[in-house]
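Q: Residue numbers (my numbering): -14 to 322.
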Amino acid sequence: MTQEHKNGVSVEELRAAVLRSGYPLQGMVVDKLIETIGGPASANWDIQEEWSFVDGDTNDVRQIDALVSWQASNLNPDPVANFSDPSSFIRVHLTFLIECIQSELPYVAFTRETASGCRTPLLLGLPHEDLGLRINATDKTATVGMSTKDALGTYEFGSRCGQYPPVAVSISKAQWIKGGHLELSGQETYRSLTLPMLKAIDYLKESSRPSEQRMYYDLRLTFPIAVMRAPLFEARVQNGAVQLAEVPLVRAVRSEPTSKTGRWPDTSGFDIVQYDFLADYAQNATNSVLELVERVKKFLGTDPYRHRDMGSGRIGFRSGSPRRAASISNNETTSRS
-14 MTQEHKNGVS VEELRAAVLR SGYPLQGMVV DKLIETIGGP ASANWDIQEE WSFVDGDTND
46 VRQIDALVSW QASNLNPDPV ANFSDPSSFI RVHLTFLIEC IQSELPYVAF TRETASGCRT
106 PLLLGLPHED LGLRINATDK TATVGMSTKD ALGTYEFGSR CGQYPPVAVS ISKAQWIKGG
166 HLELSGQETY RSLTLPMLKA IDYLKESSRP SEQRMYYDLR LTFPIAVMRA PLFEARVQNG
226 AVQLAEVPLV RAVRSEPTSK TGRWPDTSGF DIVQYDFLAD YAQNATNSVL ELVERVKKFL
286 GTDPYRHRDM GSGRIGFRSG SPRRAASISN NETTSRS
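1. Out of curiosity, what's the CA-to-CA distance linking glutamate 168 and glycine 254?
2. Beta carbon of leucine 79, beta carbon of leucine 206: below 8 angstroms?
3. Restricting to Cα atoms, I'd like to know which of Thr105, Val154 and Asn121 is closest to glycine 138.
4. Tell me which residue opens and which closes the beta strand (DSSP E) that phenylalanine 363 is part of.
5. So the beta strand (DSSP E) leucine 217 belongs to, where does it begin and stop?
6. Out of Ala51, Asp40, Leu285 and Arg236, point me to the one whose CA is closest to threonine 252's CA.
7. If you run the structure through DSSP and keep just helix, strand and coil, what is leucine 151?
8. Inspect the beta-carbon positions of threonine 21 and alanine 264 and report whether they are closer than 8 angstroms.
9. Assuming glutamate 219 and alanine 127 make a contact with CB atoms under 8 angstroms, what is their CB distance in whole Å?
10. According to the Cβ coordinates, are valine 53 and valine 152 closer than 8 angstroms?
11. Take glutamine 48 as the anchor and find which of Phe262, Ala185 and Ala159 has the nearest alpha-carbon.
12. Rounding to the nearest angstrom, what Cα-Cα distance links serine 58 and glycine 102 in this structure?
13. Where does methionine 213 sit, in a helix, a strand or coil, going by DSSP?
14. Assign serine 177 to one of three DSSP states: helix, strand, or coil.
15. Please classify glutamine 259 as buried or exposed, where buried requires at least 16 other C-beta atoms within 10 Å of its C-beta.
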């Protein structure tokens, strides 16, 4: 028997409206991440649904569906007992910045093999973006410059079994227009998906920068993702013909000028993931963050030549024979955004 309230709305009609709204998908995505990565929601998890961020252009407060973070490890399980050890001050997290999309009509990703890629996932919360590798532990002049992200090899984490997802230069949504014709709208997708994601990424980057005076550093391997419960097609031009194929994953990339300088920053982007592919994607992300934990351990190492002054940003690592020391110092390097 259909339940009906005095205003004429039935429970079934209300349920259908809830399902169309997309809010159930938001909860399903969070639950899927917890299920895939493992552990109860209260253990090592920081889950913020309807996560708020500040629009860098307008200073308006906006929201994105969720920010989900899992603390993979303290690099030292007993930091109090090893207080002089740099690894005691570093915690590594796996973070997902999430927007959810639900639609009966398909989305089309226009991909190009010649498109510039972007570094996904992001590594946020580094004490310093750049480092100097000392070839000789006693000779400060014998150094090789390198970004910390490159030293940790984070560019490898954006692939799956060595294969990177197709890179989309534009995302469009199919929609019906008058006359029963199906057309694609790129502007609507840009306003409702791409632009909010990029603004949320920018805010997360800034808010994750560690202050100069702090005891602990939280490194966050961050995957910005749009989880889609809608058909997703890749459109690729080959030999003058358009090839269409349904795909579970694409990487959307954009390069936006800053409002203050008009300069073009590094290309940024996010992954668009089919909900049915989310468990596989999350498992690969989990493997990546666990590998990052091991690499940071090796980077810090136990070499007696290493520096232990975290306040000045100097860290060392062990890389075999001959021993080498790494220096990350405000005086010896310049920061890179």
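Ideal Cβ positions, reconstructed from N, Cα and C, are used throughout, including at glycine.
A: Looking at the atomic coordinates:
1. In the sequence shown, counting from the first residue as 1, residue 168 sits at position 183. In the sequence shown, counting from the first residue as 1, residue 254 sits at position 269. Whole-angstrom Cα-Cα distance: 25 angstroms.
2. Counting from 1 along the sequence shown, the entry for residue 79 is found at position 94. Counting from 1 along the sequence shown, the entry for residue 206 is found at position 221. Yes. Within cutoff.
3. Locating residue 138 in the sequence shown gives position 153, counting from the first residue. The shortest Cα separation from glycine 138 among Thr105, Val154 and Asn121 belongs to Thr105.
4. Only positions -14 to 322 of the chain appear in the structure, and residue 363 is not among them; the question remains open.
5. As a first step, residue 217 must be located in the sequence shown, where it is residue number 232. 217 to 223 is the span of the beta strand (DSSP E), which, as asked, contains leucine 217.
6. Against the sequence shown, residue 252 aligns to sequence position 267. Checked all of Ala51, Asp40, Leu285 and Arg236; the closest Cα to threonine 252 is Arg236.
7. Stepping through the sequence shown from its first residue, residue 151 is reached at position 166. Per the sequence shown, the amino acid found at residue 151 is proline instead of leucine. In this structure, proline 151 counts as coil in the three-state DSSP scheme.
8. If you number the sequence shown from 1, residue 21 lands on position 36. If you number the sequence shown from 1, residue 264 lands on position 279. Going by C-beta atoms, threonine 21 is nearer than 8 angstroms to alanine 264.
9. Here residue 219 is taken as the residue at index 234 of the sequence shown, counted from 1. Here residue 127 is taken as the residue at index 142 of the sequence shown, counted from 1. With a Cβ gap of about 48 angstroms, glutamate 219 and alanine 127 do not count as contacting.
10. On the sequence shown, position 68 is the one that residue 53 refers to. On the sequence shown, position 167 is the one that residue 152 refers to. No, the pair does not count as a contact, with Cβ atoms beyond the cut-off.
11. Locating residue 48 in the sequence shown gives position 63, counting from the first residue. When only C-alpha atoms are compared, the closest one is Ala185.
12. Start at 1 with the first residue of the sequence shown, and residue 58 comes out as number 73. Start at 1 with the first residue of the sequence shown, and residue 102 comes out as number 117. Approximately 29 angstroms between the Cα atoms of the pair.
13. The sequence position of residue 213 within the sequence shown is 228, counting from 1. If DSSP states are grouped into helix, strand and coil, methionine 213 belongs with the strands.
14. Residue 177 sits at position 192 when you count from the first residue of the sequence shown. It is helical.
15. Position 274 of the sequence shown, counted from the first residue, corresponds to residue 259. Buried, since its Cβ has 16 or more Cβ neighbours within 10 Å.
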